[in-house]
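Comments concern the structure below.
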Amino acid sequence: NAGVTQTPKFQVLKTGQSMTLQCAQDMNHNSMYWYRQDPGMGLRLIYYSASEGTTDKGEVPNGYNVSRLNKREFSLRLESAAPSQTSVYFCASILMGPTGELFFGEGSRLTVL
Amino acid sequence: GIQVEQSPPDLILQEGANSTLRCNFSDSVNNLQWFHQNPWGQLINLFYIPSGTKQNGRLSATTVATERYSLLYISSSQTTDSGVYFCAVTTSGTYKYIFGTGTRLKVLA
Chain A
11 NAGVTQTPKF QVLKTGQSMT LQCAQDMNHN SMYWYRQDPG MGLRLIYYSA
61 SEGTTDKGEV PNGYNVSRLN KREFSLRLES AAPSQTSVYF CASILMGPTG
111 ELFFGEGSRL TVL
Chain B
91 GIQVEQSPPD LILQEGANST LRCNFSDSVN NLQWFHQNPW GQLINLFYIP
141 SGTKQNGRLS ATTVATERYS LLYISSSQTT DSGVYFCAVT TSGTYKYIFG
191 TGTRLKVLA
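Chains as they are written, first to last, in our numbering: chain A, 11 to 123; chain B, 91 to 199.
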């Protein structure tokens, strides 16, 4: 049982390049999330998907797009990367049922030069 | 939106000491979790505790939802407890899980 899997783990981009971070969960969870964590800082919510077919903005959505491909997969796309998007990105999922417990992937470290 | 503040921001302890970390939130919450982020960046679930008290070994947590705070207690601290502790909450009617500011803990041998 892998839990929440993120790819890639590391990526270096040049300013203006695009890329997609992939996230998949095998826990049959309803809701999925993307967070970013800048050095020495807390986690800030970028986008979330409460259920398959829906997506909503979080605290810091500018510069990002998301796709809830199916119940398992939630991708985050940077269309034109900027140095300010250098960060560690975490995907998470939740059943949002009796316990509402959030589970995280291991993170993807992105550097934009 | 809801504000989630944690205190203290930084804490240094000698091994064996006890500590209390606090999470204050500005609105009623449906869900509340405590996480430990280890020095390698991994986020580890500690407690799911929207109300009441739970214990797991040397760690325990209490949430007083009516007074809008939660406490994480660490007893007999060990160097492996070092890292950053976060609380995270959702409010009624939303699926947004918002994180607190974090407490950075360093336990010295």
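Don't be surprised by glycine CBs; every beta carbon is placed ideally from N, CA and C.
Those residues which DSSP pairs with residue i across a bridge
i: K196 of chain B; result: B:I102
i: M42 of chain A; result: A:S59, A:S103
i: K144 of chain B; result: B:A151
i: A178 of chain B; result: B:Q123, B:F189
i: D66 of chain A; result: A:Y58
i: I92 of chain B; result: None, per the DSSP bridge assignment.
i: R112 of chain B; result: B:S97, B:L161
i: T17 of chain A; result: A:Q32
C-beta atoms of residue i and residue j nearer than 7 Å
i: T30 of chain A; j: R119 of chain A; result: no
i: F176 of chain B; j: F125 of chain B; result: yes
i: A151 of chain B; j: K144 of chain B; result: yes
i: Q123 of chain B; j: Y138 of chain B; result: yes
i: S31 of chain B; j: L103 of chain B; result: Residue 31 of chain B falls outside the range modelled here, since chain B spans only 91 to 199, and no answer is possible.
i: E83 of chain A; j: A34 of chain A; result: yes
i: S103 of chain A; j: M42 of chain A; result: yes
i: H39 of chain A; j: L123 of chain A; result: no
i: S94 of chain A; j: S85 of chain A; result: no
i: F100 of chain A; j: F114 of chain A; result: yes
Expected contact under 8 Å - CB spacing of residue i and residue j to nearest Å
i: Y159 of chain B; j: C113 of chain B; result: 6 Å
i: V179 of chain B; j: R194 of chain B; result: Not confirmed; about 20 Å, so no contact.
i: L162 of chain B; j: L111 of chain B; result: 4 Å
i: F189 of chain B; j: G52 of chain A; result: 5 Å
Notebook entry, point to check: Given a limit of 8 Å on CB to CB distance, which residues of the stretch 92-120 of chain A reach chain B?
Noted result: Result list: V98, F100, A102, I104, M106, T109, G110, E111, L112, F113, F114, E116, G117.
Note to self: Short of 7 Å Cβ to Cβ, which residues in the stretch 41-56 of chain A face chain B?
What the structure shows: If the cut-off is 7 Å between Cβ atoms, the stretch 41-56 of chain A has S41, Y43, G52, L53, L55 near chain B.
Item checked: Members of the stretch 66-91 of chain A that neighbour chain B once the beta carbon cut-off is set at 7 Å -> Those residues of the stretch 66-91 of chain A that come within reach of chain B (Cβ to Cβ, closer than 7 Å) are G68.
Next item on the list: Scan the stretch 150-169 of chain B for residues whose Cβ lies nearer than 8 Å to a Cβ of chain A and list them as they occur along the chain.
Entry: For the stretch 150-169 of chain B, there are no residues whose beta carbon sits under 8 Å from a beta carbon of chain A.
Next item on the list: Pull out every residue of the stretch 178-192 of chain B whose Cβ sits closer than 8 Å to any Cβ of chain A, in chain order.
Entry: Within the stretch 178-192 of chain B, A178, T180, Y185, K186, Y187, I188, F189, G190, T191, G192 place their CB atoms closer than 8 Å to a CB of chain A, listed in sequence order.
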